[in-house]
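Working notes, beginning with the structure itself.
There are 2 protein chains.
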Amino acid sequence: MSAAGRTSTRDIARAAVRAELGQVAFELFRREGFEKVTLDDLAAAAGVSRSTFLRYFGTKEDAVLSAFDAKGERVADALRTRPADEDDWTALRCALDTAIEPYHQDPDGSLAMTRLVRDTPALCARQLEKQHGWRPALARALAERAGFAEPPALGHWVRASAALDCLNVAVDHWTDSDGRLDLVSLLDEAFAALAPR
Amino acid sequence: MSAAGRTSTRDIARAAVRAELGQVAFELFRREGFEKVTLDDLAAAAGVSRSTFLRYFGTKEDAVLSAFDAKGERVADALRTRPADEDDWTALRCALDTAIEPYHQDPDGSLAMTRLVRDTPALCARQLEKQHGWRPALARALAERAGFAEPPALGHWVRASAALDCLNVAVDHWTDSDGRLDLVSLLDEAFAALAPR
DNA sequence: GGCTAGCGTGACACTCAGTTTCAATTGAAG
DNA sequence: CTTCAATTGAAACTGAGTGTCACGCTAGCC
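For the protein sequence lines, the chains are X and D, in the order given.
Under my numbering, the first residue of the first sequence carries the number 1, and numbering increases by one thereafter.
Under my numbering, the first residue of the second sequence carries the number 1001, and numbering increases by one thereafter.
In structure tokens form, the structure reads like this:
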């Protein structure tokens, strides 16, 4: 969308270019390794200038990780649509179905992406940072569900964080199994591991 | 320690210089802001060359965060000394007392440090990354306690991660209260928030 | 159908973090 | 005192990210 809010022809073109650049970057990173590839390499491979590349993605990491940006909000939205009388854990678990959808849509691509991120410290760190940024929205969504006004309570923060850990642990194990294990079961198992006192 | 294992005069000097450099960096960052301060500024303020500064701390972030490096191992060690029949949550909660000790030793310094880190995206990210690196040791310690041989089960990873979240949430709230709330109570409360199904 | 204002782009210069190399110095051990 | 290894500082280099500016294309307007 442009600043005015209307989706123009230009915005569509921009999104297409962005997707294309991201794809080129992903393939180059996979083939050569993230740190071997310079911004100049990326720009050359994509047929644009270094300046342009950096205008689409503020950093090298974001060329690959910008796909994650919307995820946090989507999970928070899913959380808000859960029935009000549902307990936090069930609501969180169900909201995370939103987050694992892509892994079912495109298992091979997701596997490759997860591996690339896991094997690249810079990407790993940046992804951690992004996920950390999801927590306020999740905690706020939990607080709203509880009927509280704004400031989420300590418990909401803890449960939001723990749920994200479950997601990460489940995805890690799924990746270690080369995508053979069932991600839904792993996620259930992760949540279950939180329960026993 | 030098490579041989013996602690020599040089090693003592090194440690002293390292502590001094860290202190200078911390004060400069607090006064001017992390990103305003360049490596040249740091070196000049500490009276050493840029090269030397970078030899002591591989990155600008580590000048302030290298204090955290040992923490993960210390918590894992504390975990291993807990009675074998204790449940994971109790053991984790008690092991984390090791981690919050510095906050009682030097509340003002800890408060300043926590704020600096929280308000500086680069430091926040780097700290997150370091903490992420603690999880393997914690998960392994839990697995050992359970009598299992090496590969920690999914549940161990989940509980190790959740415990670290509790620590972080507790410290965040403690910081927000300007250190007025009791960190031990906050940590207890955080762990309690994990329980209710 | 031209005109123009604005956006996307490329070129370039710049700052700064981090790496590497090398020569000079220091200080501990024999 | 001499020798040898470790510490340091100087300097050159790579690469990420920022800022500026001028050019060209295109959408919208008369």
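Glycine included, each C-beta is placed from N, C-alpha and C at the ideal position.
Okay, do the region 108-118 of chain X and the region 1115-1130 of chain D touch, 3+ Cβ pairs below 8 Å being the bar?
-> Short answer: they don't touch.
If L194 (chain X) and I100 (chain X) are in contact, beta carbons under 8 Å, what's the gap, nearest whole angstrom?
-> About 17 Å separates the beta carbons of L194 (chain X) and I100 (chain X), which is beyond the 8 Å limit, so they are not a contact pair.
Applying the criterion that 16 or more other CB atoms from any shown protein chain within 10 Å of the CB defines a buried residue, is R10 (chain X) buried or exposed?
-> Within 10 angstroms of the beta-carbon of R10 (chain X) lie fewer than 16 other beta-carbons, which makes it exposed.
Below-7 Å beta-carbon distance, G1033 (chain D) vs any chain X residue = No, G1033 (chain D) lies away from the interface with chain X (no Cβ there is under 7 Å from its Cβ).
Minimum C-alpha distance to A1153 (chain D) - residue among D:D1088, D:P1107, D:R1093, D:G1133 = Minimum Cα distance to A1153 (chain D) is reached at D:D1088.
Simplified DSSP assignment, three categories, for D106 (chain X) | In the structure shown, D106 (chain X) sits in coil (DSSP, three-state: anything other than H, G, I, E or B).
Where does A1004 (chain D) fall in DSSP's three states?
-> With a pLDDT of 44 at A1004 (chain D), under the threshold of 50, the predicted position of this residue should be treated as unreliable, though the coordinate-derived value follows. When DSSP states are grouped into helix, strand and coil, A1004 (chain D) belongs to the coil group.
Rounded straight-line distance, which links the Cα of E1061 (chain D) to that of A1043 (chain D) | Separation of A1043 (chain D) and E1061 (chain D) (C-alpha to C-alpha, rounded to the nearest whole angstrom) is 14 Å.
Taking L96 (chain X) as the reference, give the member of X:G72, X:G155, X:R145, X:T38 with the closest Cα.
-> Checked all of X:G72, X:G155, X:R145, X:T38; the closest Cα to L96 (chain X) is X:G72.
From N168 (chain X) to L1181 (chain D), what does the alpha carbon distance come to, in whole angstroms?
-> Cα to Cα, the separation comes out at about 31 Å.
Which residues, in chain order, does the region 1153-1170 of chain D contribute to contact with chain X at a C-beta distance below 7 Å?
-> For the region 1153-1170 of chain D, the set of residues with a beta-carbon nearer than 7 Å to any beta-carbon of chain X comprises L1154, G1155, W1157, V1158, R1159, S1161, A1162, D1165, C1166, V1169, in chain order.
Cβ-Cβ separation, L1128 (chain D) to A1063 (chain D) (assumed contact under 8 Å), whole Å | A1063 (chain D) to L1128 (chain D), Cβ: 17 Å. No contact.
So is H156 (chain X) buried or exposed if we call it buried at 16+ other beta carbons inside 10 Å?
-> Taking a 10 Å sphere around the C-beta of H156 (chain X), we find 16 or more other C-beta atoms and assign the residue as buried.
Nearest-angstrom Cα distance between H132 (chain X) and S1008 (chain D)?
-> Distance from the CA of H132 (chain X) to the CA of S1008 (chain D), rounded to the nearest whole angstrom, comes to 42 Å.
Compare the C-beta of H1173 (chain D) against all C-beta atoms of chain X and say whether one is closer than 7 Å.
-> Taking Cβ atoms only, chain X reaches closer than 7 Å to H1173 (chain D), which makes this a yes.
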